[in-house]
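Take 27 as the starting number for the sequence shown in the working numbering and just add one per residue.
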Amino acid sequence: MHVYRLRNNRGAYVEVADYGATLVSFVIPGRDGMSVNLILSCENREDYLTDTFYLGSTVGRYANRISNARFSLNGVTHLLDKNDGNNSNHGGFNGFHTKLFGAEEKAGKLVLSCQSPDGEGGFPGNLSFSVTYALSDDNTLEIEYRAVSDRETVFNPTSHAYFNLSGHKKEILDHELKVFADRYLETDHEFIPTGRILPVKNSAFDFREYKTIAAMMSLKKEPLKGYNTCFSCHPGGELKQMASLRDPSSGNRVTVSSTMPGIQVYTGDYLSGKHRPFTGIALEAQFFPDAPNHPEFKNCILKPGIHAIHKITFEAAVF
């Protein structure tokens, strides 16, 4: 495993590993001038090889869950890896997070690429995939995903970085979250969408203005203490703001934008070991979970020979 570093002219840098095209660190000068890593990282690089929480990983072919580990395309049912109970999650056992990517530095950008053969994880098509990282001088990290397949398939990548803007000095419960969405996906106890997209108004999911995560969690009625929820932000296609996270104690803020239509907010309830529950929050821009089994959801089908391009940006700032 090799780790690459991209720097800008303001003293910020990101580190990316070729294993899993993983975002290892995102470091900016803090309010006090000291450098702060905004994401959770493994203590030793070798720990990424055994990590089960997708820490900083590039996730795919299909981020999030597909119910009953199956979906149909053109009358053909594709059976996927069951790596999350009876469901498939984050591309299965051999998803992007497990791959050793080829890496090339081009004009200040890092381009990582891999191949996913037809049938891997149960997904159809030989898929050529690349992810490009670029860090601008305004401390914005841009991640661009590109893919092309020789068969019709589904494609839904994301970044699974966990943010903790305090420099890991405390949990994320006192962080303030804003989500640019007025609807969210209702799910069952396995986090599979029911098909209902509900208004956030007058609910524990109303983050249309900055709200403290702990305060909103206290309003929840679901069994999960925190959040593992997909919000419907916009139709997709254009790069638009989706969520903003800030930590009043440190003054650090990260704003997430994407061309994809939804964002999964996961408060790290199931983290364990060095990173305890609620020590990081994942803000995963993506297509909706289980979309291949919900025709009413935004289409994530990739036609053969058509190049898919999706983007996510993380804009870091001190306020």
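Here a beta-carbon is modelled for each residue, glycine too, at the ideal position from N, C-alpha and C.
Your pair Ser156 and Arg177 does not check out as a contact, with CB atoms roughly 19 Å apart and the cut at 8 Å. For Met243, the enclosing alpha helix (DSSP H) has its first and last residue at 239-243.
Assignment of Phe52 by DSSP, reduced to helix, strand and coil, places it in the strand class. The straight-line gap separating the alpha-carbon atoms of Tyr74 and Ala187 is approximately 13 Å.
When the Cα atoms are used, Arg87 and Ile169 turn out to be separated by approximately 16 Å.
With a 10 Å radius around the Cβ and a threshold of 16 neighbouring Cβ atoms, Ser275 comes out exposed.
Here DSSP, grouped into helix, strand and coil, assigns Asp232 to coil.
In this chain, the beta strand (DSSP E) harbouring Asp273 covers 266-273.
When DSSP reads this structure, Ile169 sits in a beta bridge with Tyr159, Ile338. Sequence-distant Cβ neighbours of Pro225 in its own chain, meaning closer than 7 Å and more than five residues away, are Asp208, Arg209. Looking at the DSSP output, Tyr30 bridges to Val42. Here the region 160-167 does not lie against the region 226-233, with fewer than 3 beta-carbon pairs under 8 Å apart.
The region 65-73 and the region 40-51 touch, with no fewer than 3 CB-CB distances between them shorter than 8 Å.
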